[in-house]
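Notes for the one structure printed next.
What follows is the structure, encoded as structure tokens:
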């Protein structure tokens, strides 16, 4: 028998890990609900045709495809066809409906768009939904990159109001405030500004090229970006213009004013500046002064995905070395992929695994999360076991999560278990305690032990 | 473009459905935690070798296998091997590591056993874990049977104490009590009794045959069972003995006493009677008088799975026509499959989808679950929008989940949305209200509307 293992890039979550993850997910869930968003869940598997062609050629390759069942039961004439399709698998794995016609969810955005189109007659628009589910990608596993990982998305479709953008910015800031993440920066920009920038470079067709180059500013610096812009065919005048725009500084409003001067000749840029100003204005009316994060206009923010059309946003923390922990933006035609036109949407995504890693690295998880039940009753067997059961029942009836060691094992073994389980208290119901109708309550942290009534124990444990 | 769809046998869960499902899962989760159980989550995909051979030949066929990625990138010498393996797929789909080496989780029991073996040095035994995750089976979809469905398991491994059985029985009864399910019957039996029965029939090797026949008593009646027992080679004397045992009646203790007389010559049967009596005794010390469900010794209860070795349990409700909504039992060697011997376990499972269906059919879901935010603010645009935003902020700061319609759309359209979203209240912040620094609060159920201060609105909404 070979040693059991799990597939590369996947993880088991132990009790402590599940509790910490639930803490993150529940914090977000409560905020989404507070802001009037509604939960959605879609199946782990989608029809392959729903997913292919949506994530680029590389994405298509990284989709996990499910082998059709019952292949072995086909008759001989089917088998010829199957062998033909198999030959196609060996050349192009995503166009073989006979061999595979289902695949694992690759993100939450496409299933959401698919759901909206399928249920368009039942949904009350604008539809504000959140979704927290795992996705799967056949990427090469490495530190912080998994083949099964969690996404957490929050979107509004069916409204073009910038109040939606503002609410999503508030949700980000409220979430990182509640989770206690320090030095969080929420960066915003507008795709319209980037389009205006391309116009001003006399290269409107190079909007994506400029975007892709700018996106690397953090990683490769301005020199690197200059080099890449040249390679992508932007001329020196254009590069100088981009430099002017990038170098705009000051408060958000100062930046926007300066951009109006530098980019005033582009209608698209002016539209972008206006939408950023309006979004920030709405945000300021809803924000809380308690939030320590910053909201910063960052003209170099690009976001890779090419379906964004308006405001874009990205979140990072300067407290640890880590990529972005969230991002999103306005998209004008996502449901168009499935035949429903004119349904503008805006959404943000939380990087659950990275947020978890930051909280872990900075030791920010609440201490109370580590164990469930906080008290274990020692089991001495016989009459004392009967007494222990009655105490256990009283504790639970009073709302105290408690467990009794199920076997009358050696005292040391039971204490070792309690220690490993991170119990805060142990109750010792032995002969003397039973005779006195009391219990010995031992504080596992201080080591202090005292004889108390069950009622007294309950009031301490509550 | 073809109409978007989801794979057969899978489901999207709309907001209302997610909320109802969460209500069921959270109720169970809180009980598990209260009883000192700990959460575990395992990956959706397991190595195929972990799953095959664990669920019988039919089970092996129903496992969803994942196509290996990168097949198209193999070179020509690889391709010969791939084609060979492909030929095997067409004869026996579960033995082809080159084509597929991963598969979707088929149940929660095998991944749990795999986890326990892998982490045996870190785990504090007895390990009490609960797990609530989807599983996937390539079964033919039909009413109430899905290809993606949720399991919810609660197990203890590493202890042979019958206190564990008793606690699991209490968890069942507490859960169905809290969920308000009427006419619930928790049936228990012991595999040792069934083994004793086979001994008494002079056919100890026919224990599984007798078990399988008895398991159908509810469906095919005693005549049907008699016929099947004959076919399976049980003689008339044996069938009469089985009839004596089945016909035992009265209270649980009366049944156990009568069984002692009828089956007293079998040591195995006596051991089974003792473990049932002890389990019930422990249960009685922990049970609550508030529980309306019944705990019934049912000697015809068999449970299909052949890894059970001790107490077995099954739950049904007589309030609706529906198969069992839960089941489980003691197994002595589950982790032995992965090389860890002598690790006895006992567990129960909740049929989440069926429990959901029963609650739905009997209209037992709490009404408050249907919507999230209970109040919507109408958006009249301009100055009134600014005023609405300030009211929205005050509501949320006071803990009231609220949403503002994001666009200044026609009043009727906004009211239609509020109605479809099942809002309990609508706040109308128009010119007059703004001038008076008040809001009109409209009760959407009664239709009543009154002018109040924001503070008054908050106290009503809280």
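Residue numbers (this note's numbering), protein chains in the order written: chain A, 13 to 474; chain B, 13 to 474.
Cβ atoms here follow ideal geometry from the backbone N, Cα and C, with glycine treated the same way.
Nothing here was measured: the structure is a model prediction, and the numbers come from that model.
What's the call for residue 356/A, buried or exposed, on a 16-neighbour Cβ count within 10 Å?
-> buried
Check distances from the C-beta atoms of the region 109-130 of chain A to those of chain B and list, in chain order, the residues that come in under 7 Å.
-> 112, 114, 126, 127, 129, 130
Below 7 Å between beta carbons: does that hold for residue 470/B and residue 453/B?
-> no
Using a beta-carbon distance below 7 Å, is residue 456/B in contact with chain A?
-> no
Among 268/A, 389/A, 26/A, nearest to residue 135/B - alpha-carbon criterion = 26/A
Just curious, the beta strand (DSSP E) that residue 145/A is in, first and last residue?
-> 139-148
Measure the beta-carbon distance from residue 165/A to residue 293/A and round it to whole angstroms, keeping in mind my assumption that it falls under 8 Å.
-> Not really, about 26 Å apart at Cβ, beyond 8 Å.
Residue 216/A - DSSP class collapsed to helix/strand/coil | helix
Burial state of residue 433/B (16 or more Cβ within 10 Å) = buried
Roughly how many whole angstroms lie between the Cα atoms of residue 259/A and residue 205/A?
-> 15 Å
Does any C-beta atom of chain A lie closer than 7 Å to the C-beta of residue 357/B?
-> no
Listed from N- to C-terminal order along the chain, which residues in the region 37-64 of chain B have their beta-carbon within a distance smaller than 8 Å of any beta-carbon of chain A?
-> 45, 46, 47, 48, 49, 50, 51, 52, 53, 54, 55, 56, 57, 58, 59, 61, 62
Supposed close pair residue 12/A, residue 232/A - CB separation, criterion 8 Å | Outside the shown range of chain A (13 to 474) lies residue 12/A, about which nothing can therefore be said.
In the structure shown, what three-state DSSP assignment does residue 318/B receive?
-> coil
Kindly list the residues whose CB is nearer than 8 Å to the CB of residue 320/A, restricted to its own chain and excluding five residues on each side of it in sequence; keep chain order.
-> 203, 341, 342, 343
Name the two residues that bound the continuous alpha helix (DSSP H) containing residue 231/B.
-> 229-243
Go ahead and label residue 379/B buried or exposed: buried means 16 or more other beta carbons lie within 10 angstroms of its beta carbon, across all protein chains shown.
-> exposed
Output, in chain order, the set of chain A residues within a Cβ distance shorter than 7 Å of residue 138/B.
-> 418
Starting from the beta carbon of residue 23/B, find every residue of chain A whose beta carbon is closer than 8 Å, and list them in chain order.
-> 55
If you check the beta carbons only, do residue 168/A and residue 128/A fall under 7 Å apart?
-> no
Given residue 375/B, which residues of its chain have a CB within under 7 Å of its CB, disregarding the five upstream and five downstream residues?
-> none
Length at least 3, wholly inside the region 325-399 of chain A: the beta strand (DSSP E) runs in chain order | 338-343, 357-363, 387-389
Output, in chain order, the set of chain B residues within a Cβ distance shorter than 8 Å of residue 398/A.
-> 297
6 Å CB neighbourhood of residue 171/A in its chain, flanking five on each side removed | 138
Decide if residue 465/B is buried, meaning its Cβ has at least 16 other Cβ atoms within 10 Å, or exposed.
-> exposed
Would residue 16/A pass as a contact of residue 130/B if the rule is Cβ separation under 7 Å?
-> yes
Any contact of the region 56-76 of chain B with the region 76-91 of chain A, i.e. 3+ C-beta pairs under 8 Å?
-> yes
Among 111/A, 66/A, 109/A, which one has its Cα closest to the Cα of residue 120/A?
-> 66/A
Local Cβ density within 10 Å of residue 310/A, reported as buried at 16 or more and exposed below that | buried
With a 10 Å radius around its C-beta and 16 neighbouring C-beta atoms as the bar for buried, classify residue 474/B as buried or exposed.
-> exposed
Rounded separation between residue 155/A and residue 457/A - CA only = 35 Å
Which same chain residues, not among the five before or five after residue 407/B, have their C-beta less than 6 Å away from its C-beta?
-> 414
Give a yes or no on whether 7 Å exceeds the smallest Cβ distance from residue 187/A to chain B.
-> no
Please check the pair residue 208/B and residue 263/B, which I expect to be a contact at CB under 8 Å, by giving their CB distance rounded to whole angstroms.
-> Not quite, the Cβ-Cβ distance comes to about 21 Å (not below 8 Å), so this is no contact.
From the DSSP output, which residues share a beta bridge with residue 303/B?
-> None; residue 303/B has no bridge partner.
Beta-carbon separation of residue 72/A and residue 62/A under 7 Å?
-> no
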